Each structure stands twice: as structure tokens, then as C-alpha cells.
Amino acid sequence: MSIYTCGVTPYNYCHVGNARPYLVWDVIRRYLTYKGYSVRYVQNFTDVDDKIIRRANEEGVSALAIADRYINEYFKDMDALGIARADVYPRVTDHIPDIIDMVKRLIDTGHGYVIDGDVYYWVESLPEYGKLSGRSLEDLKAGARIDVDERKRHPMDFALWKASKEGEPAWDSPWGLGRPGWHIECSVMALKYLGPGFDFHGGGSDLIFPHHENEIAQSEGALGTTFARYWVHNGFVNMAGEKMAKSVGNVVRVRDVLEKYPGPALRYYMLSTHYRSPIDFNLDDMPAAQRGWERLRNLEDNLERTLAGQDTTLPEQLSDDAKKFLTTLEEHRQSFEKSMDADFNTAQALGVLFELARDLNSYLAAGGISGERAAVLAAGRDLFLTLGGILGLTGVGGGQQDRALIEGLIQLVAELRQEARARKDYATADRVRDRLAELGIVLEDTASGPRWQYK
RNA sequence: GGUGCGGUGGCGAAGAGGCUAACGCCGUGGUCUGCAAAACCACUAUUCGCCGGUUCAAAUCCGGCCCGCACCUCCA
Numbered sequence: 008m009s010i011y012t013c014g015v016t017p018y019n020y021c022h023v024g025n026a027r028p029y030l031v032w033d034v035i036r037r038y039l040t041y042k043g044y045s046v047r048y049v050q051n052f053t054d055v056d057d058k059i060i061r062r063a064n065e066e067g068v069s070a071l072a073i074a075d076r077y078i079n080e081y082f083k084d085m086d087a088l089g090i091a092r093a094d095v096y097p098r099v100t101d102h103i104p105d106i107i108d109m110v111k112r113l114i115d116t117g118h119g120y121v122i123d124g125d126v127y128y129w130v131e132s133l134p135e136y137g138k139l140s141g142r143s144l145e146d147l148k149a150g151a152r153i154d155v156d157e158r159k160r161h162p163m164d165f166a167l168w169k170a171s172k173e174g175e176p177a178w179d180s181p182w183g184l185g186r187p188g189w190h191i192e193c194s195v196m197a198l199k200y201l202g203p204g205f206d207f208h209g210g211g212s213d214l215i216f217p218h219h220e221n222e223i224a225q226s227e228g229a230l231g232t233t234f235a236r237y238w239v240h241n242g243f244v245n246m247a248g249e250k251m252a253k254s255v256g257n258v259v260r261v262r263d264v265l266e267k268y269p270g271p272a273l274r275y276y277m278l279s280t281h282y283r284s285p286i287d288f289n290l291d292d293m294p295a296a297q298r299g300w301e302r303l304r305n306l307e308d309n310l311e312r313t314l315a316g317q318d319t320t321l322p323e324q325l326s327d328d329a330k331k332f333l334t335t336l337e338e339h340r341q342s343f344e345k346s347m348d349a350d351f352n353t354a355q356a357l358g359v360l361f362e363l364a365r366d367l368n369s370y371l372a373a374g375g376i377s378g379e380r381a382a383v384l385a386a387g388r389d390l391f392l393t394l395g396g397i398l399g400l401t402g403v404g405g406g407q408q409d410r411a412l413i414e415g416l417i418q419l420v421a422e423l424r425q426e427a428r429a430r431k432d433y434a435t436a437d438r439v440r441d442r443l444a445e446l447g448i449v450l451e452d453t454a455s456g457p458r459w460q461y462k
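Numbering (our numbering), first residue to last: 8 to 462.
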């Protein structure tokens with residue numbers, strides 16, 4: 008499976024809305040991999056653009072320096088969200104010769120024309136223009152909200168190559184010094200790394216027009232064959248009913264959220280809505296998302312603790328109860344796959360994961376894990392971690408980074424507290440627990456002794 | 001003006017002709033427990049924006065209306 012997703016223009020920190028498509032594709036990749044497909048995922052960086060140039064001029068540094076800085080920050084945010092790296096991250100500035108070649112080809116095939124060092128795409132040269140967004144050139148002309156450049160053949164013609172102005176990064180070309188237009192880089196890089204007719208092309212729904220429409224026009228105009236087989240567009244993240252965008256000024260940065268909530272909680276939050284639907288982002292909904300994720304994490308911890316050191320090989324002969332439970336597990340797996348097969352319905356799949364969680368918790372609550380029960384429970388754990396792993400909600404720890412480091416200290420405190428409890432000195436015992444809670448550590452008394460975890 | 005999307009319990013959110021309208025959070029009662037926590041069990045929408053229609057059957061299909069949003073310009 009080959010996937011191309013439009014990446015960011017690195018001129019600022021990522022906000023929650025920026026992160027959504029990458030999270031969606033992270034889950035789709037994981038699922039396709041689980042299903043046995045080999046996946047190649049390409050995501051670009053548009054590292055030369057008006058906004059980057061403006062920012063560079065403001066700060067008196069190069070456009071490259073701005074791009075490098077925010078690409079670096081992009082990776083920090085995505086790592087914190089548990090989003091796996093793409094196979095290739097092509098950058099526009101590394102592909103100028105490829106872009107020039109494609110512009111040349113478009114001119115040769117009659118789709119492009121030159122005016123004073125600019126090169127434009129002639130939209131009327133492609134009869135199907137508008138097929139992705141379902142618009143006709145007539146509709147577009149009628150709705151045009153910008154002043155039309157009178158030199159162009161058609162008002163909707165767009166730039167393939169822009170003659171450079173003073174103070175802008177520029178590259179030499181057959182048409183003079185200039186830089187690529189906005190859409191050409193994705194056509195060039197997708198075709199270079201995945202080839203014509205690749206499987207999935209993704210991005211935010213705002214990119215359908217004009218960006219993706221123009222990518223198709225360029226690619227199919229130059230090639231005469233299909234560019235991408237399937238288009239996958241995610242819905243927007245809004246704030247109070249209005250689109251979250253830097254231009255609106257209502258952005259919540261990824262790192263702002265992660266300061267207060269764990270990465271998996273934000274994943275959970277976004278995956279509980281189908282990717283095509285809009286999300287009305289509300290920071291007040293994050294605690295519920297965190298609680299939901301914690302429920303999964305608690306189960307994961309409980310399973311690992313319970314099964315540690317147990318013999319989990321399934322015996323030849325199984326009891327009816329065991330068989331029944333294994334059948335239930337299989338049903339959950341099928342439901343999960345059915346949900347994901349229905350246009351990657353992560354919200355429904357998450358529901359299935361919780362049904363599985365309830366069954367596993369019941370199994371744990373039912374008591375002993377002797378004999379076959381350990382093996383059966385281990386099968387349940389494996390399924391839980393597999394499905395949870397597809398959504399990226401299990402196997403991620405919960406701030407266990409420093410766990411080993413403080414383990415001993417807490418062990419000691421817990422022991423002292425046990426002694427206090429043995430003396431029925433509950434005031435001391437409760438004080439220890441409360442103070443630990445203030446430090447963000449939850450100490451719990453269980454039948455098999457105390458245990459702890461991060462809040 | 002053109003093109004799309006959406007309105008489901010206190011909140012979030014699945015479901016798109018027929019199983020009790022998933023699931024999570026919150027809340028209530030119970031089990032367990034020194035107290036908590038975690039977990040389990042039970043309860044929590046006779047009803048899916050409004051009005052008509054089609055059908056044996058509609059949250060799901062059709063028509064009208066009311067709201068909200070997005071795209072048509074840079075945007076994930």
C-alpha cells in the first residue's frame with residue numbers, strides 16, 4: 008500500500024488541527040500493517056512558501072533556518088503523540104530539478120504557458136478539471152473572490168512556477184529566477200516516491216480545492232494516467248463551532264494540550280470521532296478523554312501484573328468456560344476489524360476495545376488465574392494489546408520514563424506505611440498516601456499488598 | 001450565489017430501513033474494602049432538530065422548514 012499525505016508548511020508550531028490528519032494516518036498505517044499489508048508512507052514538508060519567507064524576513068534569518076526549526080518542533084509534537092515516522096519526508100527545496108522537469112513537460116504537452124517568467128497551468132486544457140471537488144469552471148468563476156490576473160487565459164489558471172521577487176529564495180530555471188508554485192511540489196514528490204496510481208492520498212478537507220484538484224490536474228495532465236486511486240480527507244478541528252486556524256487566531260497548540268494531559272489522552276479524544284466528521288475541540292472535554300484512556304491503561308497494568316511469571320501455554324484440553332471465553336475474544340477481534348474496515352471507524356473500534364476491556368476486567372475480577380485461566384487471560388491480553396496498539400492507546404506506558412529511578416524510594420515509603428497500618432495507625436498511613444498523591448503518585452492497597460502508579 | 005457536511009441522553013460519540021439506540025465520561029445504588037482507589041454488577045434516551053410522507057416496519061428513505069459549520073482565497 009502506498010500513501011501520500013500533504014505535510015505541514017513549517018513556519019510555526021503545530022496546533023491540534025494540524026495534528027489530526029497525521030494521527031488519522033498513523034492509525035490507518037497501523038491497521039493496514041496489522042492486516043498484513045506492506046505500507047509505504049510519504050509525507051512532504053513544504054519548506055519554501057510565502058509564510059516561511061515572511062517569517063524569515065521578520066526574524067532576519069534564512070527561510071531554510073525557519074523551516075528547519077519548525078520541522079524539528081513538528082517532530083517533537085508528533086513523537087509526543089506517538090505518531091510513527093513516515094518512510095520518507097521529501098522537502099520541496101531538495102526537488103527543484105524534478106519540479107522544473109515537470110513544469111517543462113506540462114508546457115510541452117500544452118497544459119502550461121509562460122508569461123514574463125511565471126508559468127501557469129491552463130485549466131481548460133483538461134476536460135475533467137474539477138472532478139475531485141465536484142466543481143465546474145463556471146461555478147468557480149462565479150464564486151471567485153479574488154482579483155483576476157488579466158494576463159491569464161482563464162481566471163482559475165494557477166501558478167506552476169513563480170518568478171522571484173527581491174529578497175526571496177530563488178532557483179535558476181528555463182524561465183528565469185523563480186520558485187515553485189504551491190501545488191506542483193506534491194505532484195512531483197508523490198510521483199517520484201510512489202509512482203503514478205498510488206493507493207491513498209490524504210490531507211485535510213480544506214485541501215480538496217484547490218490543492219488536490221490542482222495536483223490531479225498537473226499529474227494527470229502530464230502523465231495521461233491516474234494520479235492517486237483513493238482520496239482520504241479528514242474533517243476539521245473547530246473551536247466553539249469555528250474552524251481552528253492560525254488565520255482565525257483560535258489555535259490551541261499540541262504542546263499546550265500536552266502540558267496538561269498525556270499524549271494518549273489527546274489521541275483518544277481525536278479517535279473517538281470518525282475521521283471525516285468535524286471535532287469541536289474543547290479543552291474541558293480532555294479530562295473525560297484522559298479518564299477513558301486511563302481505564303485502558305489500568306487494565307493493561309493489571310494484566311501485566313497478574314500474568315507476570317505465569318505459565319501461559321494453553322493446555323490441550325480446555326474447559327467449556329475457557330473455550331467460550333476464547334470464542335468471545337475472537338468475536339471482539341472480528342467486530343474491531345469490521346469497524347475499521349468500514350472506512351476506518353475508529354470511534355466504533357474504540358467501543359469494541361472497551362467491550363473487550365469489560366470482559367477482561369470481569370475475568371480478572373472473577374478470581375484465580377491458576378491452570379488454564381492464566382493461558383486464556385494471556386490470550387485476552389495479547390488481543391487487547393494488539394487492538395489497543397492499532398489505536399496507539401496501549402503499550403505506551405503512562406509516564407513510566409522515570410519509573411525505575413523512583414521505584415525503590417516508593418517501595419520504601421510503602422513499606423513504612425504498611426507498618427503504620429499494621430499498628431492501626433491509619434492517620435499516618437493516610438497522610439503518606441495523601442502526600443504521595445500531591446506528588447502525582449497514586450498508592451493503592453490491594454489484597455496482594457500495596458502498589459503504585461502515576462496519576 | 002455555487003458546492004458539501006452535520007443536528008442522537010447531563011457531556012462526548014457510534015449507528016444509515018427490522019435484534020434491548022453501541023461505547024466512553026459524569027451521576028445513583030450495590031459488591032469488595034479499616035477508609036479510599038481500581039474493578040465488577042445494576043440503573044441512567046419509549047426516543048434520535050421540527051412538520052409531513054413512503055413502508056407491515058424509519059434515528060435511518062423522500063419532501064418542506066429551522067438551526068450550525070466548512071469549502072469556493074492562504075489553510076491540516
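Don't be surprised by glycine CBs; every beta carbon is placed ideally from N, CA and C.
Here the structure is a predicted model, which means the values were calculated and not measured.
Segment limits, alpha helix (DSSP H) that includes residue i
i: E227; result: 220-230
i: N79; result: 70-87
i: I215; result: Here I215 belongs to no alpha helix (DSSP H), and DSSP marks it neither H nor E.
i: A272; result: 270-278
i: W32; result: 23-41
i: D108; result: 103-115
i: R262; result: 261-267
Cα-Cα separation, residue i to residue j
i: A427; j: H22; result: 49 Å
i: Q460; j: E307; result: 12 Å
i: L333; j: S377; result: 17 Å
i: K474; j: S69; result: As displayed, the chain neither begins before 8 nor continues past 462, which places residue 474 out of reach and without an answer.
i: G406; j: A87; result: Here the model assigns G406 a pLDDT of 45, short of 50, so the residue's position is not dependable, and the following value carries that caveat. Their Cα atoms are separated by approximately 11 Å.
i: G141; j: Y77; result: 35 Å
i: E445; j: A421; result: 15 Å
i: G231; j: D213; result: 26 Å
i: G43; j: M8; result: 10 Å
i: Q408; j: R92; result: In this prediction, Q408 has a pLDDT of 44, which is less than 50 and means its spatial position is unreliable; what the coordinates show is noted afterwards. The alpha-carbon atoms of Q408 and R92 are separated by roughly 21 Å.
i: Y120; j: F82; result: 38 Å
i: D156; j: M163; result: 10 Å
9 Å Cβ cutoff met for residue i and residue j
i: A74; j: V95; result: no
i: M196; j: H102; result: yes
i: G270; j: V449; result: no
i: F205; j: I35; result: no
i: Y12; j: Y29; result: Note that residue 12 is Thr in the sequence shown here, rather than Tyr. A contact, by the Cβ cut-off of 9 Å.
i: S14; j: V258; result: This sequence places Gly at residue 14; Ser is not what is there. No, the Cβ-Cβ distance between G14 and V258 is not below 9 Å.
i: N241; j: R27; result: yes
i: V261; j: L273; result: yes
i: H190; j: L139; result: no
i: L400; j: L384; result: no
i: V244; j: P285; result: yes
i: P97; j: N51; result: yes
i: V31; j: Y282; result: yes
i: S342; j: T353; result: no
i: D84; j: L265; result: yes
i: S226; j: L201; result: no
As assigned by DSSP and simplified to three states, the class of residue i
i: A166; result: strand
i: A434; result: helix
i: F332; result: helix
i: D464; result: Here the chain covers residues 8 to 462 and nothing more, so residue 464 does not appear.
i: I59; result: helix
i: A349; result: coil
i: W178; result: strand
i: M196; result: helix
i: V449; result: strand
i: W129; result: coil
i: I376; result: coil
i: A315; result: coil
i: D123; result: coil
i: D156; result: coil
i: Y44; result: coil
Run of the beta strand (DSSP E) containing residue i, from where it starts to where it stops
i: T12; result: 9-12
i: P187; result: 185-187
i: F288; result: 286-288
i: M246; result: 244-246
i: R458; result: 456-461
i: A252; result: Taken as a continuous stretch (DSSP letters only), A252 belongs to no beta strand (DSSP E), as it is neither H nor E.
Segment contact flag, the stretch 57-68 with the stretch 115-133, C-beta cutoff 8 Å, min 3 pairs
Touching, no, given that fewer than three Cβ pairs across the two stretches are closer than 8 Å.
Would you call the stretch 162-169 in contact with the stretch 181-191, where contact means no fewer than 3 C-beta pairs closer than 8 Å?
Touching, yes.
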